[in-house]
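Residue numbers for the sequence shown follow this note's numbering, beginning at 1304 and rising by one. Beta carbons: idealized from backbone N, C-alpha and C, even for Gly. Only one structure is covered here, and it is reproduced in the block below.
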Amino acid sequence: MNELFAAYKLPIICGAIGLILAVLLITVGFFKTLLLILMAIIGVAVGMYLKQTKIFDHKS
């Protein structure tokens, strides 16, 4: 099973993302889905920025 996942990792991940987007589009609508995607991208960007600047790293 691990070999199968390793061989087809990107298609499996992209298929899952496509399924999630399709469900979101059907249930909440186009513009709310765009807002969710935008907020997720902003959250990832802020998290990466905080990790790179090490603002929340505790220095004991």
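State the DSSP-derived secondary structure class of residue i, mapped to helix, strand or coil.
i	result
Y1352	helix
F1308	helix
I1323	helix
K1357	coil
G1332	coil
Would residue i and residue j be called neighbours here (beta carbons separated by less than 8 angstroms)?
i	j	result
L1339	L1327	yes
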